[in-house]
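Shown next, in structure tokens, is the structure this report addresses.
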Amino acid sequence: MLKVRQQPFKTAVLALVWGWLLVLVLAPNLLVVGTSVLTRDAGSFIALPVNLDSYRRLLDPLYLDVFLHSLYMASVTTLCCLLIGYPFAWALSRLTKPRQTLLIFLLIVPFWTNSLVRTYALKLLLATNGLINNALIGLGLIDEPLQMLYTEGAVIVGLVYLLLPFMILPLYSVFEDLRRELLMASHDLGAGKLPTFIHVVVPLTLPGVIAGVMLVLLPAMGLFFVADILGGSRNLLVGNVIKNQFLDARDWPFGAAASILLTVAMAVLLLAHKLSERRLGNGESKP
Amino acid sequence: MNRWLPRAYLSIVYALLYLPILVLVVFSFNSSRTGYRWGGLSLQWYESLFNNHAMVQAMWNSLWLALAAATVSTLIGALTALALHRYRFRGKRVLNGMLFVVMMSPEIVLAISLLALFLLIGLQLGFVSLLLAHVTFCLPFVVITVMARLSGFDERLPEAARDLGASDFTMTRTVLIPVIMPALLAGWLLGFTLSLDDVVVSTFVSGPSYEILPLRIYSMVRVGLKPEVNALGTLLLVFSLVMLMLSQWILTRSKR
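So the sequence lines, in the order shown, correspond to chains A and B.
At position 145 of the first sequence the residue is numbered 145 (the working numbering), and the sequence of numbers has no breaks.
At position 128 of the second sequence the residue is numbered 1128 (the working numbering), and the sequence of numbers has no breaks.
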């Protein structure tokens, strides 16, 4: 029989955490939703009346182009990360345990290193008189330096470089859980390599794929400094638009609406992740 | 299945991941001013880095901020993890969900929402606003680190302490805290690094009164090339490596 007694410690801890989350997470997000339906004001950033103009302006061809281009770059980034990361995670999960530990360590070292500095390092490689061009000219493969910096490709390379570990880690964890007996069973039942891959491996690793997509696709639309350093003025991300609206153009309602676009994208991806786990029936058994 | 093909593939990807970092480190010792050609060994960029007062000030500011943010988020995060682990309470799933959403949501969404809040309540943008923001995005990572440690923990220990008459507070102090200590240190180091590295959130919630390192670097690398950044990047790399090895060492040693 449990004794009913006062638990001042429990109350204090819960009050602290709830207080922090309500004040610094929930309230600010509600503020952003509120801001998005107000009108721009020169003096105090926002003013009445309430309207949906900001959302209408998201469909303005000028911004729609930027959003679609950003979504395109983020999608290509995600696809590249998946194509590189899937075989990578699979190969990693087949190594001996000590090797895996070492290689995972090597994978997260860059993640612990300043992302701005790493983006800048790419600039050293990609610039017109940078190392790649110098090497190619030195080898006599090209005569004129290639324009690599300030292109769409440079932004995508930068995003893939920064975000690849975020794709690999969730994939690695599903591959680690993938039981070899299942593959053997499929083989024993007469399935070839390709059917086994499509009907066994892909469904079982799908939650990892979706988690990876979520961890790559959303930041790939938000990391404005990558577009700033590597992309020039024509390759903007949604993050650049939000930043400009808040810090330069001072059109808060529009910036807020653009940010809600990202939040909605996140909600959709979270839902997809939950559904894929539920379909496998391990959503509850795994912590 | 072929053995060398997967290994060759892993090696190529690692080589590509480390190539830019290697270039950065090598060029930090380059004496040439143009930045793209090798002109011989030199420590001049390190020298000019430390002679730059604004830069050194930004370094100290970042360091203090990271220390404070890591400490506060570890405290709150550890208490949260303990509460989630031990207690049943209303809204537990909601609390878990909120932490998860904070971790998943794009940094820029968090950044503008906090900026809106700080301006609404009239908080001067500077150390305090940066601290509140950094603690908020570090919190879920600390909670996860500590929860992972708690999930493999013998439940009979706290029960025994309670049966022997220890209050919740005493039990936490004498039984739980020693058990989760390695996770606390690892979480602290992670928070420290996340804070030191953050660009996106800091861009929005910092003011002119408190300039921090990532923003200083950002304004330097936006236009052209600055060889000092190579030197600074190399220092940061060495620093993070030491921190990461420290945290791995703490975690593996505690498993024995």
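By construction, the Cβ of each residue, glycine as well, lies at the ideal position given by its N, Cα and C atoms.
- Of all alpha-carbon atoms in B:1253, B:1249, B:1235, B:1251, the one lying nearest the alpha-carbon of residue 117 of chain A is that of B:1235.
- For residue 60 of chain A, no beta strand (DSSP E) segment is defined, and its DSSP state is neither H nor E.
- Within its own chain, the residues whose Cβ lies closer than 6 Å to the Cβ of residue 1147 of chain B, once the five positions on either side in sequence are excluded, are 1081, listed in chain order.
- The straight-line gap separating the alpha-carbon atoms of residue 72 of chain A and residue 218 of chain A is approximately 12 Å.
- In terms of Cβ geometry, residue 1068 of chain B and residue 10 of chain A do not form a close pair [threshold 8 Å].
- The C-beta of residue 1178 of chain B comes no closer than 8 Å to any C-beta of chain A.
- With respect to residue 165 of chain A, residue 111 of chain A sits close: the two C-beta atoms are nearer than 8 Å.
- Distance from the CA atom of residue 1103 of chain B to the CA atom of residue 49 of chain A, rounded to whole angstroms, is 34 Å.
- Contact of residue 1108 of chain B with chain A is assigned, a C-beta pair being separated by under 8 Å.
- A distance of 8 Å or more separates the beta carbons of residue 66 of chain A and residue 230 of chain A.
- Secondary structure note for residue 1086 of chain B: its alpha helix (DSSP H) is the uninterrupted segment 1053 to 1086.
- Residue 1045 of chain B and residue 1227 of chain B do touch by the CB rule: their CB atoms are close to 5 Å apart, below 8 Å.
- Note on residue 167 of chain A: 16 or more other CB atoms within 10 angstroms of its CB, so buried under the neighbour-count rule.
- A direct Cα-to-Cα measurement between residue 81 of chain A and residue 121 of chain A gives close to 20 Å.
- Between residue 95 of chain A and residue 174 of chain A, the alpha-carbon positions lie close to 15 Å from each other.
- Judged by DSSP in its simplified three-state form, residue 1030 of chain B adopts strand.
- The continuous beta strand (DSSP E) containing residue 41 of chain A extends over residues 39 to 41.
- Interface flag for residue 1152 of chain B against chain A is unset, since no Cβ pair is found closer than 8 Å.
- Out of A:52, A:24, A:128, the CA that lies nearest to the CA of residue 34 of chain A is found in A:52.
- Contact check for residue 1079 of chain B against residue 1230 of chain B fails: the beta carbons are separated by 8 Å or more.
- Taken atom to atom, the span from the alpha-carbon of residue 89 of chain A to that of residue 1253 of chain B is near 26 Å.
- DSSP, read as helix, strand or coil, puts residue 142 of chain A in coil.
- Pairing residue 31 of chain A with residue 1120 of chain B, the inter-Cα distance amounts to about 9 Å.
- Only those residues of the region 200 to 231 of chain A whose C-beta falls short of 9 Å from the nearest C-beta of chain B are listed: 214, 215, 218, 219, 221, 222, 223, 224, 225, 228, 229.
- For residue 1006 of chain B, the C-beta contacts it makes with chain A under 7 Å involve 91, 94, in order along the chain.
- As the crow flies, the alpha-carbon of residue 153 of chain A is around 11 Å from that of residue 74 of chain A.
- Relative to residue 1007 of chain B, the option among A:103, A:203, A:249, A:171 whose CA is nearest is A:103.
- DSSP places residue 1222 of chain B in no alpha helix (DSSP H); its state is neither H nor E.
- According to the DSSP assignment, residue 216 of chain A belongs to the alpha helix (DSSP H) that extends over 202 to 222.
- Between residue 1118 of chain B and residue 1205 of chain B a beta carbon distance of about 6 Å is seen, short of the 8 Å cut, so the two are scored as contacting.
- Residue ranges of uninterrupted alpha helix (DSSP H) with 4 or more members, entirely inside the region 1171 to 1229 of chain B and ordered along the chain, are 1177 to 1197, 1200 to 1205, 1213 to 1221.
- Here residue 1121 of chain B carries a coil assignment [DSSP, helix/strand/coil].
- Under the 10 Å beta carbon count, residue 1212 of chain B is surrounded by 16 or more other beta carbons and is classified as buried.
- Under the 8 Å Cβ criterion, the region 170 to 186 of chain A does not count as touching the region 124 to 138 of chain A, having fewer than three qualifying pairs.
- In this structure, B:1100 is the residue among B:1033, B:1100, B:1153, B:1149 with its C-alpha nearest to the C-alpha of residue 21 of chain A.
- Proximity to residue 1140 of chain B across B:1089, B:1053, B:1098, B:1218 peaks at B:1098, based on C-alpha coordinates.
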